[in-house]
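In the numbering used here, the protein residues as written are 76 to 502.
Note that CB positions come from ideal geometry on N, CA and C, so glycine has one too.
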Amino acid sequence: MIITALLILMVLLLMSVPVAATLIALALLLAELFSPFPLINAMGDVLWSASDKYLLIAIPLFILLGEILVRTGVARGTYRSLESWMSWLPGGLLHANIGTATLFSATSGSSVATAATIGTVALPQGKEMGYDPKLFTGSIAAGGTLGIMIPPSINLIVYGFLTETSIPQLFAAGLLPGLMLALMFIVGTALICIWKPGLGGPSVSHSWGERFSGLKHLVPVLTLFGIVVGSIYAGVATPTEAASLGVLGALIIAAFMGKLSVGVITEALDGTMKTTGMIMLIIIASYFLNFVLASAGVTRELTAFLENAGLGPYSTLMLAILLYIVLGFFIETLSLMVITIPIVAPILIGLGFDSVWLGILIILLIEMALITPPVGLNLYVVQGVRKGGPFSDVMKGAMPYVGIMFLMAVVLVLFPQLATFLPELMK
76 MIITALLILM VLLLMSVPVA ATLIALALLL AELFSPFPLI NAMGDVLWSA SDKYLLIAIP
136 LFILLGEILV RTGVARGTYR SLESWMSWLP GGLLHANIGT ATLFSATSGS SVATAATIGT
196 VALPQGKEMG YDPKLFTGSI AAGGTLGIMI PPSINLIVYG FLTETSIPQL FAAGLLPGLM
256 LALMFIVGTA LICIWKPGLG GPSVSHSWGE RFSGLKHLVP VLTLFGIVVG SIYAGVATPT
316 EAASLGVLGA LIIAAFMGKL SVGVITEALD GTMKTTGMIM LIIIASYFLN FVLASAGVTR
376 ELTAFLENAG LGPYSTLMLA ILLYIVLGFF IETLSLMVIT IPIVAPILIG LGFDSVWLGI
436 LIILLIEMAL ITPPVGLNLY VVQGVRKGGP FSDVMKGAMP YVGIMFLMAV VLVLFPQLAT
496 FLPELMK
C-alpha cells in the first residue's frame, strides 16, 4: 500500500497536477483500492473539520503582514542599512542578503515572500557591482529559507496544528536555531569567499555616520518583531491575536512612512488571498488524505515496519532524516509537511523525542527542500525575480548552503538544548 501511494503521488506531481488536487485524488484512489468502507462519504465532514480551526486564522494574517512590508518598501531600507554594517566582510553584499533575510524572516513568516523581496532589492545592485551570479543568487535563496524557522513562521503553525503542539513554544524553540543558522550562513559565506575570492565581490567600507544614520531603517522590522513575538512570549496574545496586532502595526508604520494607499492595501489583500487559498486548500486536502491513510491502515503498516526492523530511537530518527532529504528533492515543502508529519511525528514522539524539538528539526529539513532541485521553490522564486541567466547558476550557488543546513541538523541532534532551552523557560 505504501509503495502504491508513493507511486501514485509521484505520477500526479510529475503530471503537474495542482498539489491540493493531487492529495484529494490520491486519497480517493487509496480509499477505493484499500478500504472496505466508503470513506468518500466522510469527505465533507473531514474537510469541514480541517478548515474551521481558530488557529488557522493566523496564516492569512501573517501573509498579509508580509505583503504589507513588501509593498511599502520596508525591506529596501533594511537592506541598505545592513549593507553599510556588513559589506566589509569577505563576500561584501552577500552578507547583506543573509542579514536582511534574517530580519525580514522575523516578520513575514514566509520563505517565498522573503526570497522574492530580498531578490527584488539585491539582484540589481549585485549585477551593477559585478558579483558572480552563482553564490549571490544562492545566498538569497538560502537566506529566504530562514522565513520558516525564525518566528513567526507559517510552517511552524502548520506543524503545531498537525501535531497539537504549543505554537508559542514552537516559536520560542525556533529562535536560537534560526539565528545560529543565519550566523553559520555568514561564516560559511566568508570562508568560501576567502577560499575563492572571485565568487564574492568587493568589500565596501562605510563611515560610522552612514551606519548609524541607517539604523532608522531597522526600526519598522524590529518594532513589528517586538509586537508579534513579544506579545506571544509575554503571554498576552495567542499566535492569531499576535498576527492581527502585527497587521495593525504594519498598517500604522506604513501610514507613518507615507506609503499607505488604497493601491497598496488592494495589492496586499490580493496577494494574501491567492497565497492563503493555496495553503488552505493543501491543508484541508492533506487532512482528508491523512484520514484515508489512517483508515486504510498505512500508519499501522509503517509503524509495524519500523518496530519489526529492530531499530533504536536514533536509528529511526536517522531514517526519518534521510526520508525528508530524499522526498525534499521531489515534493513541495508544505505538501511534504502535511503528507509526512501525521505519520512520522507520532512514531518519533512515541520513541521519546520531544515534539517541540522534533518540529524544529523537521522545519530545518524542510528548509533544505526549499533549495534542493528539481522542486526547490526558492530556487525558482529567485530565478523568476532574476529574469535572465541560466537556472543552473542558482542551483550551484545554493549547494554550499545545503551543506551548512545539514551540518546544522547534526548540531541540533547532538545538542537538542538549542531548541528546548527557551520553551523550557516559558513553562
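Please report how far the alpha carbon of residue i lies from the alpha carbon of residue j, in whole angstroms.
i	j	result
residue 54	residue 111	An answer regarding residue 54 cannot be provided, because it is not within the stretch 76 to 502 covered by the chain.
residue 81	residue 148	43 Å
residue 471	residue 206	15 Å
residue 331	residue 198	28 Å
residue 83	residue 416	19 Å
residue 161	residue 303	26 Å
residue 368	residue 215	37 Å
residue 92	residue 453	20 Å
residue 386	residue 473	33 Å
residue 192	residue 172	10 Å
residue 464	residue 208	9 Å
residue 131	residue 475	35 Å
residue 305	residue 316	12 Å
residue 85	residue 301	42 Å
Please look up how many angstroms separate the CB atoms of residue i and residue j, rounded, as I've assumed it's under 8 Å.
i	j	result
residue 219	residue 186	5 Å
residue 318	residue 299	Incorrect: roughly 11 Å between the Cβ atoms, too far for contact.
residue 180	residue 245	Not quite, the Cβ-Cβ distance comes to about 15 Å (not below 8 Å), so this is no contact.
residue 182	residue 296	6 Å
residue 232	residue 314	6 Å
residue 355	residue 126	7 Å
So, for residue i: in the same chain, excluding its five sequence neighbours on each side, which residues have a beta-carbon less than 7 Å away from its beta-carbon?
i	result
residue 87	97, 100 and 101
residue 484	396, 436, 439 and 440
residue 427	388
residue 458	466 and 469
Within its chain, find whatever has a CB closer than 8 Å to the CB of residue i; leave out the 5 residues flanking it on each side and keep chain order.
i	result
residue 248	431, 432, 434, 435, 494, 495, 497 and 498
residue 177	218, 221, 225, 253, 254 and 257
residue 322	136, 139, 140 and 143
residue 370	106, 110, 112 and 114
residue 121	362, 363 and 366
residue 335	147, 326 and 329
residue 275	165, 166, 167, 169, 206, 207, 210, 264, 267 and 268
Hey, is residue i's beta-carbon within less than 7 Å of any beta-carbon in chain C?
i	result
residue 480	Among the protein chains of the structure shown there is no chain C, as only one such chain exists.
Using C-beta distances below 6 Å, list every residue in its chain close to residue i, excluding the 5 sequence neighbours before and after it, in chain order.
i	result
residue 342	146
residue 339	146
residue 196	150, 151 and 154
Taking one C-beta from the segment 436 to 444 and one from the segment 472 to 491 each time, how about it: are there three or more such pairs within less than 8 Å?
-> yes
Cβ contact check for the segment 222 to 237 and the segment 430 to 440: 3 or more pairs under 8 Å | yes
Curious, which full-length alpha helix (DSSP H) runs of at least 4 residues does the segment 153 to 202 contain?
-> Whole alpha helix (DSSP H) segments, 4+ residues: 168 to 183.
Three-pair Cβ contact test at 8 Å for the segment 268 to 288 versus the segment 136 to 153 | With the rule of 3 Cβ pairs closer than 8 Å, the segment 268 to 288 does not count as touching the segment 136 to 153.
Okay, do the segment 152 to 172 and the segment 277 to 291 touch, 3+ Cβ pairs below 8 Å being the bar?
-> yes
Can you list, in chain order, the stretches of the beta strand (DSSP E) that have 3 or more residues and sit fully within the segment 94 to 121?
-> none
Any alpha helix (DSSP H) of 4 or more consecutive residues that is wholly inside the segment 211 to 287 = Runs found: 229 to 238 and 242 to 270.
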